[in-house]
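Those letters in the sequence shown? Residues 51 to 309, per our numbering, in order. C-beta atoms are modelled at their ideal positions from N, C-alpha and C, and glycine is treated no differently.
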Amino acid sequence: MFNFFKKWKGDPQPFDIEELSNEEIKKGEIPKHIAIIMDGNGRWAKKRALPRIAGHHEGMKVVRKITKQANLLGVEVLTLYAFSTENWKRPKTEVDYLMKLPEEFLTTYLPELIKENVQVRIMGDKQRLPKHTLNAVEKAINDTKKNSGLILNFALNYGSRAEILSAVQHIATDIKRGQLNDSDLTEDVFSSYLMTNSIQDPDLLIRTSGEIRLSNFMLWQLAYTEFWFTDILWPDFNEQSLLQAIYTYQQRGRRFGGI
């Protein structure tokens, strides 16, 4: 049982991970949708006697590297858990900085995202986002909407329970208005009321920093997703880390409840 848990957690494979290359990984099945819980920025900074915001800034650079790598590998959707509905509980100075990061990232790298045919999207409750954050995100969405490559989907002020509750409320309203029959409610219909209605469910979930929980992230969508947990802190996560996660994914058999 312990060995099984180690394999599920994503411990290093019995070979030199540095030997993996994009070309080698492309010989196997590439997950179409990868979701990442980017965790460990604060601990990375603390280990270096730096303020927490330094870890968040370093983590922003990793977003660029992993987006480029995923795009090169042919991943279709990359969803990044950037800010949860629970993160508002953090100190105001940290929250304020986190709300500036999307603006800084998109202002700095938007020309590169456009050039590389990346399409920016966002899911989450936009109403509480500061105007400067929302303006930067909406500009990036508009400027990349015609791109046909990787979808870079930021989960910003996102919480899965709130998303599911909102879907239930909208379904109840549509049934009451006669726009939907309760007998027609299926998993596919329910999914169409979620924020991810235009993209497929994740094939692979990655969580960094050694934590083994979902933290209110895509609870419905992750029903048959393969999980890969690593002790690597997000600012230390790199292209080889992503290749290792995908390699582990490729070694698993996905049966979706079958044999």
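Taking all protein chains shown into account, decide if Pro-285 is buried (16 or more other Cβ within 10 angstroms of its Cβ) or exposed. For this step, residue 285 is matched to residue 235 along the sequence shown. So Pro-285 ends up on the buried side.
Using a threshold of 6 Å, is the CB atom of Lys-96 nearer than that to any non-hydrogen atom of the ligand ZN? With respect to the ligand ZN, the structure shown offers nothing to examine, as it has no ligands at all.
In or out: Trp-94 buried (at least 16 other Cβ within 10 Å) or exposed? Within the sequence shown, numbered from 1, the residue matching residue 94 stands at position 44. Taking all protein chains in view, the Cβ of Trp-94 is crowded by 16 or more other Cβ atoms within 10 Å, so the residue is classified as buried.
With 16 other CB atoms within 10 Å as the buried threshold, where does Pro-161 fall? Counting from 1 along the sequence shown, the entry for residue 161 is found at position 111. Around the beta carbon of Pro-161, fewer than 16 other beta carbons sit within 10 angstroms, so the residue counts as exposed.
Beta-carbon contacts of Asn-121 that lie in its chain and below 7 Å, excluding the five residues immediately before and after: Here residue 121 corresponds to residue number 71 of the sequence shown, with the count starting at 1. Apart from sequence neighbours up to five positions away, the residues of its chain that approach Asn-121 with a beta-carbon distance below 7 Å are Glu-166, Val-168, Gly-199, Leu-200, ordered along the chain.
Could you check where the beta strand (DSSP E) with Ile-274 kicks off and where it finishes? To locate residue 274, count along the sequence shown from 1; it is residue 224. Per the sequence presented here, residue 274 reads as Tyr, with Ile not at that position. Where Tyr-274 is concerned, there is no enclosing beta strand (DSSP E), given that its DSSP letter is neither H nor E.
Measure from the C-beta of Met-110 to each C-beta in chain C and report whether the shortest distance is under 7 Å. The chain inventory of the structure shown lacks chain C, comprising one protein chain alone.
Which value, in whole angstroms, describes the spacing of the CA atoms of Met-51 and Leu-293? For the purposes of this step, residue 51 is identified with residue 1 of the sequence shown, where counting begins at 1. For the purposes of this step, residue 293 is identified with residue 243 of the sequence shown, where counting begins at 1. Only weak support exists for where Met-51 lies, its pLDDT of 39 falling under 50; the value from the coordinates is given anyway. Using only the alpha carbons, I get a separation of about 26 Å.
Alpha helix (DSSP H) segment containing Val-145, residue limits: To locate residue 145, count along the sequence shown from 1; it is residue 95. Following the DSSP letters along the chain, one finds Val-145 inside the alpha helix (DSSP H) bounded by residues 142-165.
Below 8 Å, can you find three or more Cβ-Cβ pairs linking the segment 83-90 to the segment 253-266? Contact between the segment 83-90 and the segment 253-266 is present, because at least three Cβ pairs lie under 8 Å.
Taking 8 Å as the threshold, find out whether the segment 172-186 comes into contact with the segment 203-210 through three or more Cβ pairs. With a cut-off of 8 Å on Cβ pairs, the segment 172-186 is in contact with the segment 203-210, counting three or more such pairs.
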